[in-house]
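Q:
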Amino acid sequence: MGPDVRDVGRLAAAGRGFLLHRAEVPRERHRDDGHEVTTHIVVLLGQSNANGSNTDYEPDGRDARDPRILVFPGSGPDAGRIVPAREPLAPIGAHPPGGMGPAGPFASRLVEMLPPDDRIVIVPITMGGTGMRSHGSYAGVWLPGFTKEGAPNLFEIALAQISEVLEAADDPRVAVINEPRIAAVLWHQGESDGGRSEGEYAADLDLVVTELRRRIPDAAGAPFIVGQLPRDRLRAFPDHQGVCDALRRLPERIPNTGFADAPPLGHVNDGSTHLTAEGQRLLGINYFEAYRELVG
1 MGPDVRDVGR LAAAGRGFLL HRAEVPRERH RDDGHEVTTH IVVLLGQSNA NGSNTDYEPD
61 GRDARDPRIL VFPGSGPDAG RIVPAREPLA PIGAHPPGGM GPAGPFASRL VEMLPPDDRI
121 VIVPITMGGT GMRSHGSYAG VWLPGFTKEG APNLFEIALA QISEVLEAAD DPRVAVINEP
181 RIAAVLWHQG ESDGGRSEGE YAADLDLVVT ELRRRIPDAA GAPFIVGQLP RDRLRAFPDH
241 QGVCDALRRL PERIPNTGFA DAPPLGHVND GSTHLTAEGQ RLLGINYFEA YRELVG
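Quick note on numbering: our numbering labels position 27 of the sequence shown as 27, and the sequence is numbered without any gaps.
1) Is the CB-CB distance between T276 and P180 below 7 Å?
2) Is it buried or exposed for L283, if we count other Cβ within 10 angstroms and need 16 for buried?
3) I157 lies in the beta strand (DSSP E); which residues open and close that run?
4) Is I69 closer than 7 Å to V111 when the C-beta atoms are compared?
5) Taking the straight line between their C-alpha atoms, what separation do you get for S197 and D118?
6) Between which two residues does the beta strand (DSSP E) harbouring I69 extend?
7) Tell whether a beta-carbon distance below 7 Å holds between A85 and R62.
8) What is the C-beta distance between P91 and P116, in whole angstroms, given that I count them as a contact (C-beta under 8 Å)?
9) Am I right that V243 and Y291 are in contact with their C-beta atoms under 8 Å? What's the rounded C-beta distance?
10) Per DSSP, which residues does I41 bridge with? Please list them.
11) Quick one: is V208 buried, meaning 16 or more other Cβ sit within 10 Å of its Cβ, or exposed?
12) Answer with buried or exposed for L166, where buried requires no fewer than 16 other C-beta atoms within 10 angstroms of its C-beta.
13) Secondary structure at E293, three-state DSSP: helix, strand or coil?
14) Counting C-beta neighbours from all protein chains within 10 Å, is the total for T257 16 or more, i.e. buried, or is it exposed?
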């Protein structure tokens, strides 16, 4: 089953209407050496390969997350709560059968370079089959300010969820948000825009980046990293070349943006589109390498 469009629409209309609850993580403002304990927020945006559509991940094995990695689910019984991260991460709308995306593998690399008391909160705001101005099976569009009957604007939902997590820092009931900072924004979207020219898609993508940074000031200094569409997808659909070029050339157009290349051919589970768990692990590493290049 896909997400109930009415529920997603209510999220968009309600804005910052979530209730954050305490996760079982101790609150520590300072370490003994005086370091301010920081919560590093990783925002994930996009369609099915952002949230994952695979079944071969290992949530209790190689894909288990460090206890310092948390998630703010967009759906399911823990929606609106900050809880320990476990695959799948429950975005606002998964593509059946759901699965693991690149954010968990990215966070597993990021946590290794953080001070020991810092933590990460992943905010997965993704929905399968959604494009900038149109959508497939599940309703939703990404272009800021764009309206389409029956389709919630996912960019507005993203703003609401990001703001809710940031504002939790001022709520004494929430134990896990200490000195929050947006560490990175990860974007993986474009399959639903296949066939558009490079210029058309680039204009829409650039607006997503600039509007996010304008409307969420905390995101202004965060790397915005886009992931390339699967190589198998481009081989099956050559008309996706324009979107692929627009993604690859984002760093040439906007400062402090990065590009994560796709895994090698053969890391899809349906012949063309959806990455396997191993493909997502490789993609997450590529996101991290792009991030590390930007932050030094």
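For every residue, glycine included, the Cβ atom is placed at its ideal position computed from N, Cα and C. All values derive from a computational prediction rather than experimental measurement.
A: On the basis of the coordinates in this document:
1) no
2) buried
3) No beta strand (DSSP E) holds I157; the alpha helix (DSSP H) holding it covers L154 to E167.
4) yes
5) 42 Å
6) I69 to V71
7) no
8) Not quite, the Cβ-Cβ distance comes to about 29 Å (not below 8 Å), so this is no contact.
9) At roughly 22 Å, the Cβ-Cβ gap does not stay under 8 Å, so V243 and Y291 are not in contact.
10) V121 and I182
11) buried
12) buried
13) helix
14) buried
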